[in-house]
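Add 1 to a position in the sequence shown, counting from 1, and you land on the number used in my numbering. For every residue, glycine included, the Cβ atom is placed at its ideal position computed from N, Cα and C. As the structure is a prediction and not an experimental result, all values here were calculated from the model. Note sheet for the following structure.
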Amino acid sequence: MTLVTATPDPATVDTLESAVRAAARSWNASVAEHDAAATFPTAAWRTLSNTGVFAMGVPATYAGSELTLREQLRVAEALGHSSEDAGLNFSAATHLASTAHAITRFGSSDAKARYLPPVTRGELIGSHAITEADVGSDALSMAATGRIDADAIVLDAEKSFVTNGPVADLTVVYVRTDADAGPLGLTAVVVPTSTPGFERGEQVEKSSLRTSPIGPVRLRGCRVPRANVLGSVGSGFLVLDAVMTHEILVSFTINVGEMQRRLETTIRRVRGRRQFGRPLASFQSVQDALVEMHLAIDSSRLALSAAAEQIGRGERAAARVAAAKITTSKANLSTAQQAIELHGGAGVLSSTGIERGLRDAMGGPIYSGTNAVQRLKIAKSLGL
Numbered sequence: 002m003t004l005v006t007a008t009p010d011p012a013t014v015d016t017l018e019s020a021v022r023a024a025a026r027s028w029n030a031s032v033a034e035h036d037a038a039a040t041f042p043t044a045a046w047r048t049l050s051n052t053g054v055f056a057m058g059v060p061a062t063y064a065g066s067e068l069t070l071r072e073q074l075r076v077a078e079a080l081g082h083s084s085e086d087a088g089l090n091f092s093a094a095t096h097l098a099s100t101a102h103a104i105t106r107f108g109s110s111d112a113k114a115r116y117l118p119p120v121t122r123g124e125l126i127g128s129h130a131i132t133e134a135d136v137g138s139d140a141l142s143m144a145a146t147g148r149i150d151a152d153a154i155v156l157d158a159e160k161s162f163v164t165n166g167p168v169a170d171l172t173v174v175y176v177r178t179d180a181d182a183g184p185l186g187l188t189a190v191v192v193p194t195s196t197p198g199f200e201r202g203e204q205v206e207k208s209s210l211r212t213s214p215i216g217p218v219r220l221r222g223c224r225v226p227r228a229n230v231l232g233s234v235g236s237g238f239l240v241l242d243a244v245m246t247h248e249i250l251v252s253f254t255i256n257v258g259e260m261q262r263r264l265e266t267t268i269r270r271v272r273g274r275r276q277f278g279r280p281l282a283s284f285q286s287v288q289d290a291l292v293e294m295h296l297a298i299d300s301s302r303l304a305l306s307a308a309a310e311q312i313g314r315g316e317r318a319a320a321r322v323a324a325a326k327i328t329t330s331k332a333n334l335s336t337a338q339q340a341i342e343l344h345g346g347a348g349v350l351s352s353t354g355i356e357r358g359l360r361d362a363m364g365g366p367i368y369s370g371t372n373a374v375q376r377l378k379i380a381k382s383l384g385l
């Protein structure tokens with residue numbers, strides 16, 4: 002993975018982190034309302050965009066801020082810690098990885114000039130279309146096709162579970178351009194959703210990450226310039242691997258921030274609530290549960306950091322990234338469950354937002370490559 006390796010600029014990252022935290026305070030009061038209605042928080046997206054967070058890792062030539070990976074993850078954790086809208090957080094991570102990162106790393110000069118400036122400003126919302134109804138984790142079996150026609154590529158596809166799909170302006174669509182080439186037969190293409198033949202399906206109702214819209218898309222003879230191909234024809238599997246790696250690092254680092262906030266909220270709760278004549282925090286069983294939450298969070302942070310450091314050294318980190326994804330997704334679920342139990346009856350009240358944390362954590366073992374697939378990657382690294 003090619004990364005910006007310049008010396009970190011504390012002033013820049015400090016300013017961005019402060020801006021993100023301030024922005025989150027402006028939308029936290031409306032999270033429950035958007036969650037109940039399963040609506041995308043458009044105003045919050047604009048506010049987040051104005052912080053400059055979507056410019057992270059993008060070259061200055063294209064309106065980017067060129068933050069290092071370490072700096073990007075620091076800001077990602079700050080977003081998770083300060084923003085109570087896990088759906089918005091996930092949509093932001095998807096936008097950053099699927100579109101901003103993908104075009105930055107693999108886009109043609111034309112695609113970068115055309116799309117990166119509005120993507121970094123959040124004016125164009127990004128998504129990617131990978132999964133199909135009959136093909137989940139087995140991307141090599143996708144039925145979507147792409148056909149080169151002179152200076153264009155013509156796409157036919159039916160994709161499902163497209164995060165940001167119902168609101169996206171750009172979708173990176175993965176198609177098969179050679180049915181007999183295996184991994185070398187996949188191609189990734191940037192497709193404006195205004196392209197003739199591009200159709201959105203209805204937003205899918207779900208219990209987790211309800212403010213992050215998801216839905217199917219259909220492409221019927223969509224014709225886009227060949228310059229919109231990411232990398233080259235046949236390099237889609239390489240693009241997908243890089244995008245999934247970045248998505249895991251960003252989205253699950255956001256989860257670390259969310260878990261840290263959950264722990265702090267729970268500590269305040271048990272310190273302030275008394276049972277049997279003393280604070281709940283004085284009971285050893287309560288302390289044990291809080292320590293378990295802390296250990297899970299710390300393990301997740303360290304696993305993600307180790308993966309990022311290995312990538313920063315220019316090494317392959319598939320097994321470390323997989324381990325970090327498994328560790329963090331499990332920790333997010335366990336800490337959410339513990340937070341509910343330590344809040345007692347208040348933990349299941351919608352008004353407290355505690356139960357929402359468990360709902361939002363449920364998808365972690367599934368999205369960005371299921372944990373079962375991540376275990377296969379680790380097994381391969383062990384020579385199995």
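Every unbroken alpha helix (DSSP H) within the region 251-317, with a cutoff of 4 residues, ordered by chain
285-313
Which value, in whole angstroms, describes the spacing of the CA atoms of THR376 and ARG279?
Just to set this straight, residue 376 is Arg in the shown sequence, not Thr. Whole-angstrom Cα-Cα distance: 45 Å.
Element boundaries [beta strand (DSSP E), containing ILE215]
215-226
For the alpha helix (DSSP H) containing ASP36, list its first residue and its last residue.
32-38
Contact check, LEU343 vs VAL287, beta carbons under 8 Å:
Remark: C-beta atoms of LEU343 and VAL287 approach each other more closely than 8 Å.
In its own chain, which residues sit with a C-beta less than 6 Å from the C-beta of ALA319, not counting the 5 before and 5 after it?
If we look at ALA319 and ignore the five residues flanking it on each side, its Cβ neighbours are LYS378.
Enumerate in chain order the residues of its own chain whose CB-to-CB distance from VAL271 is below 8 Å, with the five nearest sequence positions on each side excluded.
PRO280, LEU281, ALA282, VAL287, LEU291, LEU343
What are the residues that DSSP puts in a beta bridge with TYR175?
ALA189
GLY147 in three-state terms, based on DSSP:
strand
Pairwise C-alpha distance: LEU68 and ARG201:
Roughly 34 Å between the two C-alpha positions.
Can you tell me which of the three DSSP states ARG115 falls into?
Reduced to three states, the DSSP call for ARG115 is helix.
Would the beta-carbon of VAL251 fall within 8 Å of that of LEU97?
yes
Give the range of the beta strand (DSSP E) segment to which HIS129 is assigned.
127-130
For ALA45, which of ILE298, ASN90, ALA64, VAL59 has the nearest alpha-carbon?
ASN90
Mind checking which residues open and close the alpha helix (DSSP H) that includes ILE104?
103-107
Taking DSSP as the reference, what is the three-state secondary structure of THR164?
strand
Starting from GLU72 and walking both ways along the alpha helix (DSSP H), at which residues does that stretch end?
In the DSSP assignment, GLU72 falls within the unbroken alpha helix (DSSP H) covering 70-83.
Could you check what DSSP says for PHE238 in three-state terms: helix, strand or coil?
helix
With a CB to CB cut of under 6 Å and the five nearest residues on each side skipped, what residues in its chain are close to VAL32?
GLU85, ASP86
Reducing DSSP to helix, strand and coil, say where VAL120 ends up.
helix
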